[in-house]
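Protein chains in written order, with the numbering used here: chain R, 642 to 867; chain U, 642 to 867; chain E, 642 to 867; chain A, 642 to 867; chain V, 642 to 867; chain Y, 642 to 867.
Positions of the beta carbon are idealized from the N, C-alpha and C atoms, including for glycine.
Given the structure is predicted, the values throughout are model-derived calculations rather than measurements.
Written below as structure tokens is the structure these notes are about.
Protein chains: 6
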Amino acid sequence: MNATARAGGPIVVINPNSNAAVTAGLDAALEPFRLGGGPAIECLTLAEGPFGVESQLDTDSVVLPLVRLVESRPDAAAFVLACYSDPGLDACRSIARVPVYGIQESGVLTALTRGDRIGVVAIAAASVVRHRRTMRRMGVLERLAAERPLGLSVDESARAEGTFARLTEVARQLIADGAEAIVLGCAGMARHRAPLERAVGVPVIDPTQAAVAMALGGVLAARLQT
Amino acid sequence: MNATARAGGPIVVINPNSNAAVTAGLDAALEPFRLGGGPAIECLTLAEGPFGVESQLDTDSVVLPLVRLVESRPDAAAFVLACYSDPGLDACRSIARVPVYGIQESGVLTALTRGDRIGVVAIAAASVVRHRRTMRRMGVLERLAAERPLGLSVDESARAEGTFARLTEVARQLIADGAEAIVLGCAGMARHRAPLERAVGVPVIDPTQAAVAMALGGVLAARLQT
Amino acid sequence: MNATARAGGPIVVINPNSNAAVTAGLDAALEPFRLGGGPAIECLTLAEGPFGVESQLDTDSVVLPLVRLVESRPDAAAFVLACYSDPGLDACRSIARVPVYGIQESGVLTALTRGDRIGVVAIAAASVVRHRRTMRRMGVLERLAAERPLGLSVDESARAEGTFARLTEVARQLIADGAEAIVLGCAGMARHRAPLERAVGVPVIDPTQAAVAMALGGVLAARLQT
Amino acid sequence: MNATARAGGPIVVINPNSNAAVTAGLDAALEPFRLGGGPAIECLTLAEGPFGVESQLDTDSVVLPLVRLVESRPDAAAFVLACYSDPGLDACRSIARVPVYGIQESGVLTALTRGDRIGVVAIAAASVVRHRRTMRRMGVLERLAAERPLGLSVDESARAEGTFARLTEVARQLIADGAEAIVLGCAGMARHRAPLERAVGVPVIDPTQAAVAMALGGVLAARLQT
Amino acid sequence: MNATARAGGPIVVINPNSNAAVTAGLDAALEPFRLGGGPAIECLTLAEGPFGVESQLDTDSVVLPLVRLVESRPDAAAFVLACYSDPGLDACRSIARVPVYGIQESGVLTALTRGDRIGVVAIAAASVVRHRRTMRRMGVLERLAAERPLGLSVDESARAEGTFARLTEVARQLIADGAEAIVLGCAGMARHRAPLERAVGVPVIDPTQAAVAMALGGVLAARLQT
Amino acid sequence: MNATARAGGPIVVINPNSNAAVTAGLDAALEPFRLGGGPAIECLTLAEGPFGVESQLDTDSVVLPLVRLVESRPDAAAFVLACYSDPGLDACRSIARVPVYGIQESGVLTALTRGDRIGVVAIAAASVVRHRRTMRRMGVLERLAAERPLGLSVDESARAEGTFARLTEVARQLIADGAEAIVLGCAGMARHRAPLERAVGVPVIDPTQAAVAMALGGVLAARLQT
């Protein structure tokens, strides 16, 4: 994990599922991060991925394909793995020569700068335990107010227009649980970030944007090579 | 603390001490973060600050002046308080309408993406206890391998050329303590980041760069107002 | 923070707000602690303080005045800072040659001898997050059952007669949350301690009394100079 | 454990071992706590106790005798169990109608007001694990810098004059470990408190004095029965 | 506590209360653990024990009798103390030359292999705090979803047929609290384990069976003496 | 993860590497666990596994093959994954209808019944960080005294005769670090367990034996279907 950031090359964002609509959503969400003189930001779809990464097995099935994709891009300045279960994070870090960011990890750590205790909106109930285990592994569980599920599939959450009303409801419950900032626990909800923030009045973090900001910070810092 | 990020305006970085050389160093360290189309990054010196913020009292003495400076800049998109003791962070957050980042908080959280346990290089022995207390308050102490002091003043550390040899020695001790990433525990050592990283072979985080990356991420995310 | 207790001189209790009625209340609450041969207990009002210390900024605004007041009393055997947010505790400790006690810190630690998990009654909802952060910083958060607000201002809580009914209601909720002892999270409620204890049947701790007991212990221990 | 403090009656301090010299030492150490108008402080020897409470079995053997002694004193305002292993603390609390204080618990909590991380001087190596388990049970282990043994028996530590040199040596090691305050992990070392504090320059806590101060605080608070 | 397991001799299970019906229930629950070539499993009743171990004092009263019973069986390969409050565990470990298992400790640790967060069904409300303190002492509190009481005496819970309906109700509440596995917090409920597991659909652990499995593992491992 | 144990069928132990000598060693180490009337214990080699599971990528590469092997054995009563990095534990649990045990998890939890703080002997330095992360994820890090590496490959450690001297040396360092029980952090060292225990005088746990004991406990408990 002792990769050091590189000053040149693109930030490569990988959508571990094979749903190209999700990749297109990521691409749109990251448009503001493409700045003059800054690194390119490429969003790739993992062809071998399942249509949605939802079960534990889905997360395990994408690890080796992710490793191969990372290995195929020696030109990258940094990688972002854009699935909230952070599949393959340890594996990709173990072989990459540049930093690899997981969106759960980056989203949670970024939210810790915006509120004392945070809330997470999961898509499905089944992933709440998995995410909690990751936060315990990170050693930050004491900062979690609660995580609550929407009760939707990744694909539904990315498309359904009724999603926003449900998001707002869950975010308000998290605020009642003590959350001062909300993390969207999925790669496909960036377009709801700003409206949700306006609706509930506390900071809302899109984890892919958070991870790309971290990656951008690593790349730009590496440009100062005194 | 429920400020929401703004899409427009500069990122205002405040050096809480009155040593303009430190501000100039910050300004140089942040040059790579000024990108075409991105927010301006202004580095200000707190005129009322002591020449170096070293003692507990120094940190307390700058809180209200920092608040006034923050209040005087309603145009800012985000603030970064560039002293590793994070003085005035709670106070400025309580009055600002945009996010405020402390460099200890941002530096530590960023380092957590680069190593399982981290090490911190403090300038003076006296600040080690203060920093540890802050990390306990953050709830991330379990991720600290060790913090070790250089045994220099802020001013010395920013100027003396012998600093680098001492930095390397302390960083190697931290790695032996179990650290997989190193945080420079001071605002004035950014120019040593890249050389130290090359010398010791693990990621080295400059906390001001880390905080500005966080701020940049908040600002850019806010530009996506679907 | 390595001040050692002195055997002679008064215990100086400082009310960081400028509301003299609060100081008078402290003075009355501490009357039983004035014993023959024991140290005098002086209660001072911080003239520069706001009328009530309620916001984060209020707590920050009293730090330097508190330091000056502490410095002006080299005769003191110990200091007690009588605001539940413990403003200026680090600062005063850094310059005092005798022990300085904060009432939140002392109140919480004392309550830990009276119940396995404790509950805290805050005055205002806004201070709950601040107090929790302090308890995390103390490393004792695992012992907190819950903290709940009365929803009153400091001044109201010190005067309104309806306060007691509300206190009883909140204390009972805390007991239902698992609290075995209750801390009054404010300097101005000592007169409710005994009645509340009788009403709810679990130990109730007044934090100023707890801090003065700690200070008294330090002073008396220092009289044994074998 | 929901005993409420009483305003009248003596504070009864029980030495759980049958070594009357230890009781006499406690009595002398507590002399400064006997104040005009304050509660009497009685020091009792547990006749059924072993000569020294050193092994795990020693601590278990005194529990029921302690309970009987506590039950025989319905006049007491509070009890202090003066053995650093806190034997019988849960049992006595479960039957007493007034507060019961253990000296480890009170000593550790009091030390937390005097330093960020604390050190404990144990008598024998065998008790270090037992004490650590108690601190984990208290939920305060994160505040322990280290505990180190003198390598003496309770009786030796109470009498031998060479003890002080060894105490000083161990206290200095604890300070090097990061301790900012020292707890004497035994009931029989109060006469070394002040000299040790002068010798090593950080606060030194005698746990029996700390527990009696807590008890005194409870009794005096109970005198304010508005 | 550094006893090493022995390959020969019986596993001695001690019921610390004098209710022979509870011992008979243990004996029946452990019948499947008696295998050809495996150690004998003897279930003993502690004659000196109270009819039910319910209060704190009950747990303390059995410690020395348990020690004597353990000492009287130098032929044992391992001991299991079959009361969920784990009375005498430290004492028996301090004198036994073979491993001693407490059923709370073994039950909780075994449950941690079957679910991320666990729930505990206590018999009486009064023991919930005691059990929580033990789990904090074990350092595993972060894995507890909740513990909830049935509100029955040990004797009632072992006999009453209405017990099962109440067990099911409480287990379902624990699952709603986030528990993925349930521990029966009493020695006398083994016959409900399998039906409850079928009823609620998550793993249910009988703590005595869990402790005997641990003991069996120690004994069998000791047979491999390369 | 809500699989319930089955009363019939074998315990299937899977060696995730393709080194048949390691499987043969497991088979020999588990011989004492095969008892009359108890479940059969089968030891399988994962044909698709690498010769040794040493790197992060090795652990990730065996996950899906392990899942397939688990799926191919619907007759199993329980599974044990016999690699100390617990690869595939979450994945196999998510699809198995019977309990799945990882040897790190079972070894660590079993050791917690044998000492207050434990030590782990790793094979290679690189796995120490990975194991620590798993223990943090388990929420039991506070019980770890230290983990230290032998500095050998899995294959070397399983064969080299010089291994025992190095094991003894490392175990003694762990005891000096505060460990009261030692876990062998590898599947291939069972034959050293008893000699090492005799050499260093504290309990030594072979993690595969510990996991099989847990599995045996689950199977036997399931035979009591009142």
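Taking a cut-off of 8 Å on C-beta distances, the region 662–675 of chain V does not touch the region 686–699 of chain E, as fewer than three cross pairs fall below it. Only residues of its own chain outside the window of five on either side were considered, and among them A822, P844 have a CB closer than 6 Å to the CB of R755(U), listed in chain order. Around the beta carbon of A765(E), 16 or more other beta carbons lie within 10 angstroms, which makes this residue buried.
Around the CB of P680(V), 16 or more other CB atoms lie within 10 Å, so the residue is classed as buried. With fewer than 16 other beta carbons inside 10 angstroms of its own, G649(E) counts as exposed. DSSP assignment within the region 713–765 of chain R yields the following whole beta strand (DSSP E) runs of 3 residues or more, N-terminal first: 719–722, 741–743, 759–763. Only those residues of the region 769–788 of chain Y whose C-beta falls short of 8 Å from the nearest C-beta of chain U are listed: V770, R773, R774, R777, L782. Among the residues facing chain E, E683(A) is not included, as its CB has no counterpart in that chain under 8 Å away. Of the candidates A723(A), I682(A), E746(A), N656(A), the residue whose Cα lies closest to the Cα of D716(A) is I682(A).
Proximity of chain A to A732(V) at the Cβ level (cut-off 7 Å) is accounted for by Q697, L698, D701, in chain order. The beta carbon of I846(E) sits closer than 6 Å to the beta carbons of G748, T751, A752, V824 from its chain, once the five residues preceding and following it are set aside; these are given in chain order. Not one beta carbon of chain A lies nearer than 8 Å to the beta carbon of R647(E). Remark: fewer than three beta-carbon pairs, one from each stretch, lie closer than 8 Å, so the region 831–841 of chain U and the region 852–861 of chain R are not flagged as touching. A763(R) does not reach chain U, its nearest Cβ partner there being about 20 Å away, counting only Cβ pairs nearer than 8 Å. Taking each of E712(A), D818(A), V708(A) in turn and checking the Cα distance to L785(A), the smallest one comes out for D818(A).
With a cutoff of 8 Å on beta-carbon distance, V653(Y) and R738(Y) are scored as not near each other. Contact of I736(V) with chain A is assigned, a C-beta pair being separated by under 8 Å.
R734(R) and P740(R) have their C-alpha atoms spaced approximately 7 Å apart.
Beta-bridge analysis with DSSP links L808(R) to no other residue. Rounded to the nearest angstrom, the Cβ distance from F674(R) to V841(R) is 24 Å, too far for a contact under 8 Å.
The Cβ of T664(A) sits no closer than 8 Å to any Cβ of chain E. Here E746(A) is buried: its Cβ has 16 or more other Cβ atoms, across all protein chains shown, within 10 Å.
Listed along chain E, no residue sits closer than 7 Å to V694(U) by beta-carbon distance, the nearest being about 13 Å off.
With respect to chain E, the C-beta atom of R864(A) has a partner C-beta closer than 8 Å.
At a Cβ-Cβ threshold of 8 Å, A763(V) and G826(V) count as neighbours.
Within chain A, V770, R773, R774 have C-beta atoms less than 8 Å from the C-beta of D757(Y), given in sequence order. The Cβ neighbour count for Q850(V), taken over all protein chains shown within 10 Å, is at least 16; the residue is labelled buried. Around the CB of G693(V), 16 or more other CB atoms lie within 10 Å, so the residue is classed as buried.
Between H772(A) and the set L793(A), D757(A), R758(A), I744(A), the nearest pair of CA atoms involves I744(A). DSSP places V663(A) in no beta strand (DSSP E) but in the uninterrupted alpha helix (DSSP H) bounded by 661–670. Taking 8 Å as the cut-off, the beta carbon of L685(U) is found no closer than this to the beta carbon of L722(U). Comparing C-alpha distances from S659(A) to each of L837(A), L865(A), E695(A) shows the shortest one belongs to E695(A). Cα atoms of E672(U) and A644(U): separation of roughly 26 Å, rounded to the nearest angstrom. Under a 10 Å Cβ-count criterion, G780(E) is classified as buried, with 16 or more other Cβ atoms of the shown protein chains found around its own Cβ.
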